[in-house]
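Engineer: This note's numbering puts the first residue of the sequence shown at 1149, with every later residue one more than the last. Glycine included, every Cβ here is placed at the ideal spot set by N, Cα and C. Small disclaimer: the values here were computed from a predicted structure and weren't measured.
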Amino acid sequence: MAATIGEQLRLTREERGIPLREISDETRISIHYLEAIESNDYKRLPGGIFNRSFVRAYARSIGYDEKEAVEGYSRYMREKGDTGDDVATTPHYSKVYTDATATRSPILTVVLAILILGLLTLGALAALHWYQRRSTMLLRPALPSVASVSGHLGHALARHRCGFL
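#1: For K1228, name the three-state secondary structure that DSSP assigns.
#2: Thinking C-alpha only, which one of E1227, R1204, Y1212, I1210 is nearest V1218?
#3: Excluding five sequence neighbours on each side, which residues of the same chain lie with their C-beta closer than 6 Å to the C-beta of T1238?
#4: Contact check, A1184 vs L1193 under 8 Å by CB: the rounded distance?
#5: Which residues in the same chain as T1175 place their Cβ atom closer than 6 Å to its Cβ, once the five residues preceding and following it in sequence are excluded?
#6: So is V1235 buried or exposed if we call it buried at 16+ other beta carbons inside 10 Å?
#7: Given this structure, state the Cα-to-Cα distance separating L1159 from E1170, to the nearest angstrom.
#8: Just to confirm the assignment, what range does the alpha helix (DSSP H) spanning R1282 have?
#9: Assign R1161 to buried or exposed, taking buried as 16 or more other Cβ atoms, counted over all protein chains shown, within 10 Å of its Cβ.
#10: Quick check: what's the CA-CA separation for L1157 versus K1191?
#11: Taking the continuous alpha helix (DSSP H) assigned at D1173, which residues delimit it?
#12: Near T1152, which residues of its chain fall below 6 Å by C-beta distance, leaving aside the five closest residues on each side in sequence?
#13: Taking only three categories from DSSP, how would you classify A1207?
#14: Could you tell me which of G1220, A1275, G1211 sits nearest to E1163, measuring between CA atoms?
#15: Would you mind sorting L1182 into buried or exposed? The rule is 16 or more other CB atoms within 10 Å of its CB.
#16: Could one say the Cβ of P1167 lies closer than 7 Å to chain B's Cβ atoms, at least one of them?
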């Protein structure tokens, strides 16, 4: 029986005396994943296209034929009845990190940004006005009401007439 791709990669690496740490540093693939590839335990890998990419990078790192390594991986997965593609096969287009042209006009983007900044400024000014108005109302002494003033005057006059003053 022919050796699996994981075994072939391990044998090639050992023949060339390359430690897993060196491959890990070069490919930025964790040693845990490299060991999983060597032992054909692909369930420990992230799945989907990552598995193929990891096998390809591992093969490139040790000087093994990348195409043969990926074909060996695919063949092994088919024999096990698993495609290894745990992710959706429909393409997913990132909305964040792409080189695709913008779908919105740059002018519209600037206008929206100015509008949002204007609304935020108005909100901040309204909050500042409310705060200042509230502060002055709390600091200003309360003015006595007219009824209160007239009541005090009447009482004072009554005391004056009675001779208390």
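Structural biologist: Once the coordinates are examined:
#1: Here residue 1228 corresponds to residue number 80 of the sequence shown, with the count starting at 1. Here K1228 sits in coil by DSSP.
#2: Locating residue 1218 in the sequence shown gives position 70, counting from the first residue. The shortest Cα separation from V1218 among E1227, R1204, Y1212, I1210 belongs to R1204.
#3: Reading the sequence shown from its first residue, position 90 is the one you call residue 1238. Note that T1238 has pLDDT 49, beneath the 50 cutoff, so the model's placement of it is unreliable and the number below is only indicative. Counting only Cβ-Cβ distances below 6 Å, and skipping sequence neighbours, we find nothing.
#4: Within the sequence shown, numbered from 1, the residue matching residue 1184 stands at position 36. Within the sequence shown, numbered from 1, the residue matching residue 1193 stands at position 45. Confirmed, Cβ separation roughly 6 Å.
#5: In the sequence shown, residue 1175 corresponds to position 27, counting from 1. Excluding sequence neighbours, T1175 sits near A1205, S1209.
#6: Taking the sequence shown and counting its residues from 1, the one referred to as residue 1235 is at position 87. Because V1235 carries a pLDDT of 45, less than 50, the predicted location of this residue cannot be relied on, and no value is offered for it.
#7: In the sequence shown, the residue the question calls residue 1159 occupies position 11. In the sequence shown, the residue the question calls residue 1170 occupies position 22. Approximately 16 Å between the Cα atoms of the pair.
#8: Here residue 1282 corresponds to residue number 134 of the sequence shown, with the count starting at 1. Its alpha helix (DSSP H) spans residues 1254-1287.
#9: Taking the first residue of the sequence shown as position 1, residue 1161 is located at position 13. When all chains shown are included, R1161 counts as buried.
#10: Translated into the one-based positions of the sequence shown, residue 1157 becomes position 9. Translated into the one-based positions of the sequence shown, residue 1191 becomes position 43. Looking at the two C-alpha atoms, the distance is approximately 18 Å.
#11: Taking the first residue of the sequence shown as 1, we reach residue 1173 at position 25. Its alpha helix (DSSP H) spans residues 1168-1175.
#12: Position 4 of the sequence shown holds residue 1152. Cβ within range, chain order: N1188, Y1224.
#13: Here residue 1207 corresponds to residue number 59 of the sequence shown, with the count starting at 1. Three-state result, A1207: helix.
#14: The residue you call residue 1163 lines up with position 15 of the sequence shown. It is G1211 whose Cα lies nearest to the Cα of E1163.
#15: The residue labelled residue 1182 in the question sits at position 34 within the sequence shown. Burial call: buried.
#16: Of the chains in the structure shown, none is chain B; there is only one protein chain.
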